[in-house]
Each structure stands twice: as structure tokens, then as C-alpha cells.
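Shown next, in C-alpha cells, is the structure this report addresses.
Residue numbers (the numbering used here): 1236 to 1435.
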């Protein structure tokens, strides 16, 4: 467990206790999104840092499921990742401030106490444990095992999703046989490189 002083038995009580400012770490630490056959990640300890989708492109006639994955779960994962990223690297600008004194305003943000500016992001307690950051601010790495040309066709069809990759907000990697095979480059291109160089 990533909660100091917590046990499996104490989690339900902590989750329902309004006095707990850190009842759970939620998605802090998210670093990757993987859509591949389950055997690609089975038995690997990903440290709770990856969004996993069991996906077999060979069973996806017409690549409708691939399109759905890229345009829905990947986009939602980007929202989550970027909210944690912004709340970690620029908490005064993008964070939600101190959870202890939050007042919700119109369902679009919070203010601290009875005034101040509207705060759109996550509370400081969602990314920091009092000693250090619990979320390592990284751009989400999206790894998909599917034909590269099909991923390119989907990005061409959805310019808003393509912009996330072209503008560097997300990293896209193609997988082959359970291993990273290539890295997406802005402009609908792929870089063929050994896996150890792709991580650089």
C-alpha cells in the first residue's frame, strides 16, 4: 500500500472518514497507458502506474475498437495525467490548493476559504504527502500493439487527438510482439529505433 500507516483493513474506514485529507492516492503516479494482448504485461509489476487495456488487434476487424481506444480511454487518461502533471509542476497556477479549506464553486473549480481565485486542479494533498511529491510529473507514454499504419489513419481522422501527440503532451509508442518497436514523431511519422534508445 502507498498510504503511510494504512493496512488492508483500515482502507474502507479511511475512505469514508471526512477528517482524512489523504484517504487514497488515487491515480497519483500514472505514467503509462498500454493497449496490448494481456500476455504483454502479465506477471510484470508496473507499480500501479499504468492504465491497462487488453487489446488484440488481430481480432479487431476494421480497427473500430482501436479507434475507440485511441479516441476515448487514451483521451481520458490524458486528462488525468495532465491534471496530475499541472498540479505537480505548477500548483499555484494549475493546482487546487489546500483541500482542508476548499469550497466548491459551480462544479467547475474550488476556492480556498471564503474567497480568492478559482482553482481548477487537484488539491495539493492529492500529489504531495507532506514530505515530497507522490506524483512524478511525466508526460503519459501511450503504448499500443497494433499496425502503425492503422494508428496513423486514426490520428489523421481525429486531429484533436493527433494534436496531443504532435504537440508533445503525450508520447506514442508502437508495440510488436509485446515489446516497444517504434516511437511516434510529429507529422504522422514513426522512428524505428532499438527499445533502449526509444526511452531517451
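We put the beta carbon where it would ideally sit given N, CA and C, even for glycine.
Alpha helix (DSSP H) segment containing residue 1401, residue limits: Taking the chain shown and counting its residues from 1, one reaches residue 1401 at position 166. Start and end: 1394-1401.
Exposure of residue 1356, with buried meaning 16 or more beta-carbon neighbours within 10 Å: Walking along the chain shown from the start, residue 1356 turns up at place 121. Buried, by the Cβ-count rule.
Between the CA atoms of residue 1411 and residue 1370 - distance to the nearest angstrom: Taking the first residue of the chain shown as 1, we reach residue 1370 at position 135. Taking the first residue of the chain shown as 1, we reach residue 1411 at position 176. Whole-angstrom Cα-Cα distance: 29 Å.
Residues near residue 1401 in its chain [Cβ-Cβ closer than 8 Å; skip 5 each side]: In the chain shown, residue 1401 corresponds to position 166, counting from 1. Only 1421 and 1422 meet the Cβ criterion.
Nearest-angstrom Cα separation, counted from residue 1417 out to residue 1385: For the purposes of this step, residue 1385 is identified with residue 150 of the chain shown, where counting begins at 1. For the purposes of this step, residue 1417 is identified with residue 182 of the chain shown, where counting begins at 1. Taking the straight line from one Cα to the other gives about 14 Å.
Exposure of residue 1274, with buried meaning 16 or more beta-carbon neighbours within 10 Å: The residue labelled residue 1274 in the question sits at position 39 within the chain shown. It is exposed - the Cβ of residue 1274 has fewer than 16 other Cβ atoms within 10 Å.
Proximal residues to residue 1313 (C-beta, below 7 Å), its chain only, five neighbours per side dropped: Walking along the chain shown from the start, residue 1313 turns up at place 78. Within the same chain, residue 1313 has close Cβ partners 1375, 1399, 1404 and 1405.
As assigned by DSSP and simplified to three states, the class of residue 1274: What you label residue 1274 is simply residue 39 of the chain shown in a count that begins at 1. Residue 1274 falls in the helix class under three-state DSSP.
Whole-Å CB distance - residue 1269 paired with residue 1285, under 8 Å assumed: Within the chain shown, the letter at position 34 stands for residue 1269. Within the chain shown, the letter at position 50 stands for residue 1285. Right, their Cβ atoms sit about 5 Å apart.
Residues near residue 1396 by beta carbon distance below 8 Å, same chain, minus five either side: Against the chain shown, residue 1396 aligns to sequence position 161. The answer, listed in chain order, is 1305, 1306, 1309, 1310, 1389 and 1390.
Residue 1314: first and last residue of the uninterrupted alpha helix (DSSP H) it sits in: As a working mapping, residue 1314 is identified with position 79 in the chain shown. 1308-1324 is the span of the alpha helix (DSSP H), which, as asked, contains residue 1314.
Under 8 Å between C-beta atoms of residue 1331 and residue 1322: Along the chain shown, read from residue 1 onward, the residue named residue 1331 stands at position 96. Along the chain shown, read from residue 1 onward, the residue named residue 1322 stands at position 87. Yes; because the gap between Cβ atoms is below 8 Å, this pair is in contact.
Closest by C-alpha distance to residue 1358, when choosing among 1339, 1350 and 1349: Stepping through the chain shown from its first residue, residue 1358 is reached at position 123. Looking at the Cα atoms, 1339 is the closest of the given residues.
Terminal residues of the beta strand (DSSP E) in which residue 1409 lies: Residue 1409 sits at position 174 when you count from the first residue of the chain shown. Looking at the DSSP string, the run of the beta strand (DSSP E) that includes residue 1409 is 1406-1411.
Nearest-angstrom Cα separation, counted from residue 1264 out to residue 1288: Along the chain shown, one-based indexing puts residue 1288 at 53. Along the chain shown, one-based indexing puts residue 1264 at 29. Straight-line Cα distance between these residues: approximately 18 Å.
Close Cβ partners of residue 1244 (< 6 Å) along its chain, the five nearest in sequence each way excluded: Translated into the one-based positions of the chain shown, residue 1244 becomes position 9. Counting only Cβ-Cβ distances below 6 Å, and skipping sequence neighbours, we find nothing.
Option nearest residue 1281 by Cα separation, candidates 1337, 1267 and 1302: To locate residue 1281, count along the chain shown from 1; it is residue 46. It is 1267 whose Cα lies nearest to the Cα of residue 1281.
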